[in-house]
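Position one of the sequence shown corresponds to residue 8 (the numbering used here), numbered consecutively onward. Take a look at the structure set out below.
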Amino acid sequence: MTLFKNTGNKDTRSGFGVGLMEAAKKNENIVALCADLIGSLKMDDFVKTYPERFIQTGIAEANMMVVAAGLTIGGKIPFAGTFAEFASGRVYDQVRQSIAYSNKNVKIAASHAGLTLGEDGATHQTMEDIGLMKGLPHMVVINPADFNQTKAATIAAAEYDGPVYLRFGRPKVPNFTPENMPFEIGKAWTLKEGKDVTIFATGHLLWTALEAVEILAKKNIDVELINIHTIKPLDKKAVLASATKTKAVVSAEEHLMNGGLGDSIAQLLMQNNPVPMEYVAVDDKFGESGTADQLLEKYGLGVNDIVKAVENVLKRK
8 MTLFKNTGNK DTRSGFGVGL MEAAKKNENI VALCADLIGS LKMDDFVKTY
58 PERFIQTGIA EANMMVVAAG LTIGGKIPFA GTFAEFASGR VYDQVRQSIA
108 YSNKNVKIAA SHAGLTLGED GATHQTMEDI GLMKGLPHMV VINPADFNQT
158 KAATIAAAEY DGPVYLRFGR PKVPNFTPEN MPFEIGKAWT LKEGKDVTIF
208 ATGHLLWTAL EAVEILAKKN IDVELINIHT IKPLDKKAVL ASATKTKAVV
258 SAEEHLMNGG LGDSIAQLLM QNNPVPMEYV AVDDKFGESG TADQLLEKYG
308 LGVNDIVKAV ENVLKRK
């Protein structure tokens, strides 16, 4: 059983770069800011094509967020780009006070998120950023799965009126979502229907979940797989409908257990329809240096970890 075909490994940050260019062609009010990481965020083409619409802030991320907020007052749509750790933790006060509180139309482009940043280690591997950002009123939080979805999400973020935290990554990962599939903020995507258990996956772990679904099918376990690419606003209707049908849930994310997608789903289910649930996420630890694959395996985010979580939750069903 092959649900989706990998058309070639690509990094999601490149999807952001292409999406930013497409959005900028459509709307001359789109501008970009970067904290000395143009190449890392794949903003090179934008800088070359629209130099008058680009601001290099240098390694001054807090200032960058405040400048971005100010630009919205003049009708601009700024994309402020840096590593996810610096786009969330280092600038939290500025994002809270100048962007979220004022409901400014700023798009925070947060690259190199999660463990898959790899060899740069714990100081750069943010795994608490989703929790930080989803806790802010007005803030939309998006975590796309591959190149195509990141490109589409970037375009959708540009068209959305309000603050957006757009999270993407460094490594090349399978590119499998349909190339021209529309991206609807807050609308979950069901990749496969099933009756025994639901996996809610986000970001890089969506492809890992697809691989787990194929293994579980050989064990006669019928999995429903849903992509929650928008952490906030959560597609509550889709989550509740699937959990009511399968009566067992697994969440899978490249983030800490505390504060991530799993917590959002658990809160919703607890309030409406409690069912057995398992988390595939990092359990209260910082990262370390290593390749992306090594780290995902060590921290319990591999294919076998998702398979095990499904088998465990079915025992509790």
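For every residue, glycine included, the Cβ atom is placed at its ideal position computed from N, Cα and C.
Look at residue i and residue j and say whether their C-beta atoms are less than 8 Å apart.
i      : j      : result
Leu173 : Ala116 : yes
Pro281 : Arg323 : no
Thr205 : Ile238 : no
Val25  : Lys158 : yes
Gln132 : Leu139 : no
Leu223 : Val102 : no
Asp242 : Gly201 : no
Phe190 : Ala219 : no
Lys111 : Pro170 : yes
Val73  : Ser109 : no
Gly309 : Thr197 : no
Thr253 : Asp203 : yes
Gly88  : Leu10  : no
Ala163 : Ile192 : yes
His119 : Gly176 : yes
Asn2   : Glu285 : Outside the shown range of the chain, which is 8 to 324, sits residue 2, and nothing can be said about it.
Val98  : Glu135 : no
Ala250 : Leu276 : yes
Leu122 : Leu302 : yes
Gly128 : Ser296 : yes
Tyr167 : Val148 : no
Ile272 : Phe207 : yes
Under the assumption that residue i contacts residue j (Cβ atoms under 8 Å), give the Cβ distance between them as a whole number of angstroms.
i      : j      : result
His211 : Val180 : 6 Å
Lys299 : His262 : Note that residue 299 corresponds to Ala in the displayed sequence, not to Lys. Actually they are not in contact, since the Cβ atoms of Ala299 and His262 sit about 15 Å apart, beyond 8 Å.
Ala30  : Tyr57  : With a Cβ gap of about 11 Å, Ala30 and Tyr57 do not count as contacting.
Lys114 : Phe86  : 5 Å
Asn36  : Ile84  : 5 Å
Met28  : Phe53  : 6 Å
Ala195 : Asn34  : Not confirmed; about 27 Å, so no contact.
Thr64  : Asn70  : 6 Å
Arg20  : Lys55  : Rounded, the Cβ-Cβ distance is 17 Å, inconsistent with contact.
Can you pull the DSSP bridge partners for residue i?
i      : result
Ile326 : Any property of residue 326 remains undetermined from this structure, which presents the chain solely from 8 to 324.
Pro58  : Note: Pro58 sits in no beta bridge, so no partner.
Ala116 : Gly88, Leu173
Val320 : DSSP lists no partner for Val320.
Ile206 : Leu232, Val257
Asp100 : DSSP output for Asp100 lists no bridge partner at all.
Pro181 : Asn16
Met284 : Val256
Ile162 : According to DSSP, Ile162 bridges with nothing at all.
Lys199 : Leu232
Thr157 : The partner list for Thr157 (beta bridge, DSSP) is empty, contrary to what the question assumes.
Val147 : Val171
Lys239 : Val148
Gln63  : Cys41
Val289 : Leu263
Is residue i close to chain D, meaning its C-beta is less than 8 Å from at least one C-beta of that chain?
i     : result
Tyr57 : Absence of chain D from the displayed structure is noted, only one protein chain being present.
Check your understanding: Touching or not, the region 144–153 and the region 222–242, by the rule of three or more beta carbon pairs under 8 Å?
Key -> Flag = yes, the region 144–153 and the region 222–242 touch.
Exercise for review: Quick one: which unbroken beta strand (DSSP E) runs of 3-plus residues sit fully inside the region 248–275? Chain order, please.
Suggested key: 256–263
Check your understanding: On the three-pair Cβ rule with 8 Å, is the region 181–195 touching the region 283–301?
Key -> Three or more beta-carbon pairs separated by less than 8 Å are not found between the region 181–195 and the region 283–301, which leaves the two stretches without contact.
Practice item. Tell me, please, whether the region 257–274 touches the region 92–103 by the rule of three or more beta-carbon pairs shorter than 8 Å. Key: With the cut-off at 8 Å, the region 257–274 and the region 92–103 do not touch.
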